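To convert, count from 1 in the sequence shown and add 55; that's our numbering. Glycine residues also receive a C-beta, built at the ideal position from the N, C-alpha and C atoms. Predicted model only: the values in this text are computed from it and were never measured.
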Amino acid sequence: MSSIHRRGWLTGAAASAAGFMLTACDRLTQSAGVQAALASAEGLTQRTQRALIPRAALAPEFGPEDISPDFRANGTRNPQDPAYVALRDSGFAGYRLVVDGLVDRPLGLSLAELRALPARSQITRHDCVEGWSSIGKWTGARLSAVLQSAGLKAEARFIVFHCADKLEPTADESGRYYESIDLDDAFHEQTILAYDMNDAPLPVPHGAPVRLRVERQLGYKHAKYVMRIEAVDSLSGLGRGKGGFWEDRGYEWYAGI
Ligand SMILES: Nc1nc2c(c(=O)[nH]1)N[C@H]1C(S)=C(S)[C@@H](COP(=O)(O)O)O[C@H]1N2
Ligand SMILES: [Mo]
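Below you can see the structure in the form of structure tokens.
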């Protein structure tokens, strides 16, 4: 994409996000969770980045010629969890994306319903902390559209993504993959629930049938195999309380790039 085109886009995105950001930021800075985060070193990084780069700024986008011929798959590549295996064997016909928690209207969206929502396509670079990057094209429903149809309650501060896979094979739920983002990222222009990769249905190794793309964040925030989206006011009741599978194991919650 030309830099002129990009600049025009950025301005539009910044303008449309500005109204939302004012109220969202006020709500965010008042929340207990964010206060705690700001007190930590991680919060310092987040504040520094927020001061330097507006949260609504777009991640770089690339051209079709930049798409990686062999995009790496990482973490879970083929979930063995029985409920997922059954869904996959039926071609995901029975898949319902549950949207619940602090919302006015809990949803159970079929893939057809998800595909009918306002969508976005983007060619972006995925950066994994393990030291590799790949470029891919993603198409999906805008998370903002999903959240707007469910109606977020005023107390909602974070959006949690519950996944179909256990990355750690535990007998209880503690090994299940999950992730969470704040409302700035949830309503970001490029934050989508991707159902297509490189113009074809999302393959199983990359998170079929639906995975999160949150382009201003590192790879582990991009939850694959998303089964349920939950709006919460605090992350403390989930997993070990750090807001994600890898965060519970020492990674930073705010993985902005
Ligand atoms: N459900 C689930 N989501 C996940 C993971 C996982 O193991 N399970 N791994 C994460 C990591 S570390 C990365 S780098 C990306 C990898 O996405 P990819 O397989 O499409 O490259 O997914 C992220 N999301
Ligand atoms: Mo990663």
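Checklist line | Pair within 8 Å by beta-carbon distance, R151 and L164 | finding: Stepping through the sequence shown from its first residue, residue 151 is reached at position 96. Stepping through the sequence shown from its first residue, residue 164 is reached at position 109. Their beta carbons are under 8 Å apart, which means R151 touches L164 by this criterion.
Notebook entry, point to check: Rounded C-beta distance between F213 and L290? I'm assuming under 8 Å.
Noted result: As a first step, residue 213 must be located in the sequence shown, where it is residue number 158. As a first step, residue 290 must be located in the sequence shown, where it is residue number 235. Indeed, because the Cβ distance is near 6 Å, the residues count as touching under 8 Å.
Checklist line | For P256, the residue or residues it bridges with in DSSP | finding: As a working note, residue 256 is residue 201 in the sequence shown. In the DSSP output, where bridge partners are listed per residue, P256 has D251.
Notebook entry, point to check: Looking only at C-alpha atoms, which of V215, A219, R143 and Y250 sits nearest to K297?
Noted result: What you label residue 297 is simply residue 242 of the sequence shown in a count that begins at 1. Nearest of V215, A219, R143 and Y250 to K297, Cα basis: V215.
Checklist line | Sequence-distant residues of its chain with Cβ nearer than 8 Å to G305 (five each side left out) | finding: To locate residue 305, count along the sequence shown from 1; it is residue 250. None.
Check: For the beta strand (DSSP E) that D182 lies in, which residues bound it at each end?
Finding: By 1-based counting over the sequence shown, the position of residue 182 is 127. A174 to C183 is the extent of the beta strand (DSSP E) around D182.
Margin query: Taking 8 Å as the limit between beta carbons, can you name the residues of its chain near R160, skipping five residues before and five after?
Written below: Indexing the sequence shown from 1 puts residue 160 at position 105. Correct list, in chain order: S204, A205 and G206.
Checklist line | Near ligand 2: V269 beta-carbon under 7 Å from a heavy atom | finding: Indexing the sequence shown from 1 puts residue 269 at position 214. No - ligand 2 has no heavy atom lying nearer than 7 Å to the Cβ of V269.
Next item on the list: Report yes if the C-beta of N133 is less than 7 Å from at least one heavy atom of ligand 2; otherwise report no.
Entry: Indexing the sequence shown from 1 puts residue 133 at position 78. N133: no, Cβ never under 7 Å from ligand 2.
Notebook entry, point to check: Can you tell which of R197, G311, G195 and G149 has its C-alpha closest to the C-alpha of A138?
Noted result: Reading the sequence shown from its first residue, position 83 is the one you call residue 138. Closest by alpha carbon: G149.
Checklist line | Nearest neighbour of H243, chosen from D182, P115, R271 and D125 [CA to CA] | finding: Residue 243 sits at position 188 when you count from the first residue of the sequence shown. If we check each option's Cα against that of H243, R271 comes out closest.
Check: How long is the line joining the alpha carbons of D288 and P264, rounded to whole angstroms?
Finding: Working through the sequence shown from its first residue, we reach residue 288 at position 233. Working through the sequence shown from its first residue, we reach residue 264 at position 209. Distance between the alpha carbons of D288 and P264 is about 27 Å.
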